[in-house]
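Read through the structure below, which is laid out as structure tokens, and then see the notes.
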Amino acid sequence: MQEWANQLCENRQFGSKMTDSKYFTTTKKGEIFELKAELNSDKKEKKKEAVKKVIASMTVGKDVSALFPDVVNCMQTDNLELKKLVYLYLMNYAKSQPDMAIMAVNTFVKDCEDPNPLIRALAVRTMGCIRVDKITEYLCEPLRKCLKDEDPYVRKTAAVCVAKLHDINAQLVEDQGFLDTLKDLISDSNPMVVANAVAALSEIAESHPNSNLMDLNPQTMNKLLTALNECTEWGQIFILDCLANYTPRDDRESQSICERVTPRLSHANSAVVLSAVKVLMKFMEMLPKDLDYYGTLLKKLAPPLVTLLSAEPELQYVALRNINLIVQRRPEILKHEMKVFFVKYNDPIYVKLEKLDIMIRLASQANIAQVLAELKEYATEVDVDFVRKAVRAIGRCAIKVEQSAERCVSTLLDLIQTKVNYVVQEAIVVIKDIFRKYPNKYESVIATLCENLDSLDEPEARAAMIWIVGEYAERIDNADELLESFLEGFHDESTQVQLQLRTAIVKLFLKKPTETQELVQQVLSLATQDSDNPDLRDRGYIYWRLLSTDPVAAKEVVLAEKPLISEETDLIEPTLLEELICHIGTLASVYHKPPSAFVEGRGQHKRLPGSGGSAESESPDAVSAGAANEVAAVIPSQGDLLGDLLNLDLTPPATTGPPPHSGGMQLGAMDLLGGGLDSLMGDESEPLGGDLGGSPAMGAGFGAAPAAMPPAFSAPVSGGLEDLFDLGGGVGMPLGSFCPPKTVWLPAMKAKGLEISGTFVRRAGVIQMEMTITNKAMSVMTGFAIQFNRNSFGLAPAGPIQVPSPLSPNQNIEVSLPLNTVGPVMKMEPLNNLQVAIKNNIDVFYFSCQYPISVLFVEDGKMERQVFLATWKDIANENESQFQIKDCHLNSDTASNKLQTSNIFTIAKRTVDGQDMLYQSMKLTNGIWVLAELKIQAGNPNYTVSLKCRAPEVSQCVFQSYEAVLKN
Amino acid sequence: MIGGLFIYNHKGEVLISRVYRDDIGRNAVDAFRVNVIHARQQVRSPVTNIARTSFFHVKRSNIWLAAVTKQNVNAAMVFEFLYKMCDVMTAYFGKISEENIKNNFVLIYELLDEILDFGYPQNSETGALKTFITQQGIKGQLQTKEEQSQITSQVTGQIGWRREGIKYRRNELFLDVLESVNLLMSPQGQVLSAHVSGRVVMKSYLSGMPECKFGMNDKIVIDKQGKGGASDDAGKSDLGGGSGKQSIAIDDCTFHQCVRLSKFDSERSISFIPPDGEYELMRYRTTKDIILPFRVIPLVREVGRTKLEVKVVIKSNFKPSLLAQKIEVRIPTPLNTSGVQVICMKGKAKYKASENAIVWKIKRMAGMKESQISAEIELLPTNDKKKWARPPISMNFEVPFAPSGLKVRYLKVFESKLNYSDHDVIKWVRYIGRSGIYETRC
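Keeping their order, the protein sequence lines are chains L and Z.
Numbering-wise (our numbering), the first sequence opens with residue 124 and increments by one.
Numbering-wise (our numbering), the second sequence opens with residue 22 and increments by one.
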């Protein structure tokens, strides 16, 4: 091979005068002019040289579009190399010179008839890359021929070309029947043609989620599985990725597919292996667990996953991110493979960090000694992030494996002795968690910790240390001095430390009331008078009032026994995990985020078969599926949500009481403290005693926990919403703003008999959350209260929820809850996601739902014409997004009126070539303006909306609202 | 799918830029340069998301290859493709360097057009590509109709890696079993982890479309044959793997795409039509009963704050008749080392200040021997609180056997159309064991 290359190099040096690098060097003035002359030269060789120079300039980013006609003139040649170069140029610049591009059409059409299949394919391939609308018409005929070409090379190229054309003009592809031809190619005799057809169809199907384009049935599955054995490695990936979308009818079919896919696990290409793993992980859900084959399959999965770790580092990284998911879903697969995740000294840092994560997930009593020994080694490495993570990991081991706790603590103490600043701080943070998990066991180490008080400069570590001092104040002689020393710089501390300090001093006071009265007054006045932070201030008031009215009660509340923290932290929320399992191998699995979080356009949420929704299957797997269902609770690891709920301002009272007056102390809030909040917080959180940032997921919550996932919204809701948008006309709606039909937000089976369905609507400028609350339990329900988590637009209940209690069994009631938008704000994913906690006498339940963003469009959203024009120009083009609304049969006036009812205002209308352009504006409650251009062509049911907004994140939601409003 | 592919030099200048999808703009080229190549901090992930655009990159010497996308692509596939792209380029013009890329940019564009269509990887086997993409660029016209259809059917066909009509006067094949043995050992001599990752590399010069069958001392196969009373093909064409009755447990293996995977899955037999020339037939991994060719026994003693005494013993652990070569032991030294004195019984040892290590080299060493090095390291006093991390002692070597114990039992060649038989093929087998990451903590 090397010889071959050498020989070629020699050829180059002796045989010809050209080394291409010289093309990169010309930067003279008047270059374009010179090139022009050369391009028009009579000599072929000179022409070719000139074209090469042009391509080189294009590569480095120079604008050579001025040479368009001259380059295109070179196209008519029988020199294939020159032709390819010209084509390359065309693909780049055709869009900027659409009229000139037409000049090239004839040559393409001619080339598509060439006797040489390589040229036919080249022509059809290039033509598809020229994204000019006018060219597409000319492309249809040649493409049709090429799809039926006798040569498989041409057919496989044509198959991809259909996807290209669809990207330019979807309607055209449908009208011309190319989709059917493409479907036929799935039965082609050539495996590569099949693979490319599958790839093209999958891509097209993604943009039509409900088209059933990729009609996967047992027959096609069979064809695909056959082609799988014969096509290239890349083709195998396309096919496997497509197979993963199929839902088998029963466990037998599922097993037979698995059997035919498992051989792929031995492929040298890691992507083939990962895609095969995806198919198996998914179809395994359908298999009954007592089946022998299920066990065999589990065993077969481990070795290939381990093998992936000997691939190149970049692939290792992808593999490790995926293994992280697989281990969470099915820990049994890799439970004996701990050693392969040990970090090697020369691993790149990204591999090291991922391995560490997986080590902790796999840690168990059986292997804990080894793991700890490793972690201790890692804690002496150089990379700060890695060392911190290793220290944190030691803490997590202690919490996860009780038997090892003692050894972990002594390891941590050793590390504290090293006096390396960041190691000490990290160790203190995790030791605090260990105290919470095993109270009254390791407090002897407190003295050592106190020695390091001065070196702590990170808020987490300071907060942790303060918590420890407050919690164990009775054992630390100079606790008051220690805390007082922190108090001096109270205002410079971060909120976390301030909150902690305030609570710790209150604890101290309750334990040693005589000496610390001054101190507690000092901190409470600092917290209440000089702070703008409502959380700090209000809880300060609460403490104050509590201490002054009833110290005994205060003691009960503040020094109550704290619930233990849970073992597994930073697990990915089950519904999200399920979705990610369906995306194994892809970017989503690398980011640990659903595709909708980083891909534009509407994505479908994939789900594992068996779990969620598909309760109709009566096969034995229904049992296992049911079990999975229960795990997949509506809302994440309670911790995450709780954390945020705890941080909520307490003003909107959750109990029925007098409406709160603004500011100051409120009785309502007091009540809340007594019973409401306690139960609202569930039993995982602690009563007021310590506000450790709220989250029980301590260890993970701090620092760079990798898997801080946006909690995905619950499946029934998203499903409902999608359905809703597909309803099309039909539903008769009362006049007034758009109101989507109610969907079930909280099914009775998940909420001990409480069922809630609802919708959002804007009426007379007020956002209403309309709910139907049904009691499907056997007993009466009383004491309803509601709270929202922070959300993207600060939605919050404007008053308490009015449920005339008691709600007797089988009774339902319509409730309309007015909302305001002054609540705390946090960006959600998707943007219009809302997480809600509802409480009754039975329990607290959580669900999430999505509101149409149109409820946030305010009444004064009509922009001045001049302002509109200026703003439109002012917003950068990157912030523009374009969407298609399909099958809408309204004329522009009706559409405009309809939109107006939802506060989307038409500012101007223009008619060009039979196309109506409506210019519209709307304003969100938080002052964000969205500008829109709606293109409606008479007779064409497909509208185009272009949205421009300074906050482009909202575009997707706004578009959904457009579609919903127009179609209702 | 892949939206675009860029190649940069170490300065971040674009050498090649090919955009496949409309959603990737010219600014993507700059975004990667600014955020990754010119980033102040070292890159912490091979996948970077900048403004909803994802960049995958690999580096070869100082050349950056980046694939860009805005979709939820198959990430493993993108990396596999980037590696493949590197292989293809190497096969065409040798080392991937700025100069070579500039010299061949037209060729690279031509290749990119062929192997990536609308972001979908297409056939990228160099064997097939070289039949119609050449640096002469005029092949297109010279082909006859038969040649053309032969090319297209090869590129798209089931056996895309081999063309028809290959002829050799002497049918010959070379089989190399290349293993790298990895070890992580505790200072006390406890094996923390050890595995062998091996490759079977084959060079075949065979005529026609031969059907090959490869056999090794795989435990599963041997056990099966033992029970079933067995097929007799095992003994017949033994390629001299030795008498080796013992079999090895293979944890996992992967194969070149020419191997029929379904057949391996059902019968565990390895059959294939080989590509012409050199290629990697299979990779495998074993973790059980590994022969560790060397044992390293470290002894580090801190004498006060300014001196370290290091003693390292290495013991070879294989047949005395065999010779290990290119032995190198690397003993890390602290950053504040001011001077080192070394005494070794065998080979040469030197302190390399730039590498913070003592490097001890021995040319050859027979099995069942031992050798020792001792060193005194003087340290500058520092007030650095952080202790020296004591990186592990690493080792390099080459031994003429397979540490996993793998033996080739047979490699049979069948070619029904041409008149040569298995016996006419000249076969060579070679075993080489090398150190992978072979570390002992101290």
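All C-beta atoms, glycine included, are put in the ideal place defined by N, C-alpha and C.
| Item | Value |
| --- | --- |
| C-alpha gap between Q220/L and N229/L, whole angstroms | 16 Å |
| Identified DSSP bridge partners for R385/Z | Q346/Z |
| Burial state of W449/Z (16 or more Cβ within 10 Å) | exposed |
| Nearest neighbour of V2/Z, chosen from S218/Z, R451/Z, V217/Z, V331/Z [CA to CA] | Nothing can be reported for residue 2/Z, as the shown portion of chain Z is limited to 22 through 463. |
| Within-8 Å CB hit, D244/Z to chain L | no |
| Short CB-CB distance (under 8 Å) between K950/L and chain Z | no |
| Where T639/L sits in the DSSP three-state scheme | coil |
| Reduced DSSP secondary structure (H/G/I, E/B, other) of P319/Z | strand |
| Span of the alpha helix (DSSP H), counted from its first residue to its last, around R660/L | 657-672 |
| For K555/L, the nearest candidate out of V514/L, L397/L, Q540/L (CA to CA) | V514/L |
| Nearest candidate by alpha-carbon position, reference R430/Z, set T74/Z, A396/Z, S290/Z, E419/Z | S290/Z |
| Where the beta strand (DSSP E) through K328/Z begins and ends | 328-337 |
| One or two residues paired with P353/Z in a DSSP bridge | A378/Z |
| Chain Z contact for G708/L (CB, 8 Å cutoff) | yes |
| Nearest residue (CA-CA) to L245/L, options I394/Z, I154/Z, A149/Z, R306/Z | I154/Z |
| Straight-line Cα distance separating N914/L from A217/L | 45 Å |
| Option nearest C972/L by Cα separation, candidates N964/L, V978/L, V959/L, G984/L | V959/L |
| Contacts around V50/Z, its chain only, beta-carbon distance under 7 Å, and the 5 residues preceding and following it disregarded | F27, V35, S38 |
| Members of the stretch 202-225 of chain Z near chain L, C-beta cut-off 7 Å | L205, L213, S214, S218 |
| Contacts that Y468/L makes with chain Z (C-beta to C-beta distance below 7 Å) | P412, P413, E460 |
| Chain Z residues whose Cβ lies nearer than 7 Å to that of A287/L | Checking the sequence, you will find Lys at residue 287/L rather than Ala. Per Cβ cutoff of 7 Å: F139. |
| CB contact below 8 Å: D983/L versus chain Z | no |
| R885/L: first and last residue of the uninterrupted beta strand (DSSP E) it sits in | 877-886 |
| Contacts around K1071/L, its chain only, beta-carbon distance under 7 Å, and the 5 residues preceding and following it disregarded | W995, I998, N1002, E1003, L1054 |
| Contacting residues, own chain, Cβ-Cβ under 6 Å from F435/Z (five flanking each side not counted) | E232 |
| Beta-carbon contacts of S841/L that lie in its chain and below 6 Å, excluding the five residues immediately before and after | With a pLDDT of 39 at S841/L, under the threshold of 50, the modelled position of that residue is not reliable, and the figure given next carries that caveat. Taken in chain order, the residues that qualify are H728. |
| Proximity winner among T1048/L, L203/L, D655/L, S1019/L, relative to D1039/L (alpha-carbon distances) | S1019/L |
| F195/Z vs M223/Z beta-carbon contact at 8 Å | yes |
| Closer than 8 Å to chain L by CB, T275/Z | yes |
| Candidates C365/Z, I348/Z, V331/Z, A345/Z, of which the one nearest P355/Z by Cα | V331/Z |
| Own chain partners of K119/L with C-beta closer than 7 Å, once the 5 adjacent residues on each side are dropped | The first residue shown for chain L is 124 and the last is 1091, placing residue 119/L beyond what the model contains. |
| C-beta neighbour in chain Z for M904/L, strict 8 Å | no |
| Cβ of A49/Z within 8 Å of any chain L Cβ | no |
| Contacts that P65/L makes with chain Z (C-beta to C-beta distance below 8 Å) | Nothing in the structure corresponds to residue 65/L, since chain L is present only between 124 and 1091. |
| Spatial distance of D237/L from L137/Z (CA atoms) | 23 Å |
| T1168/L at chain Z interface by Cβ criterion, 8 Å | Any answer about residue 1168/L is impossible in this case: the structure gives chain L only from 124 up to 1091. |
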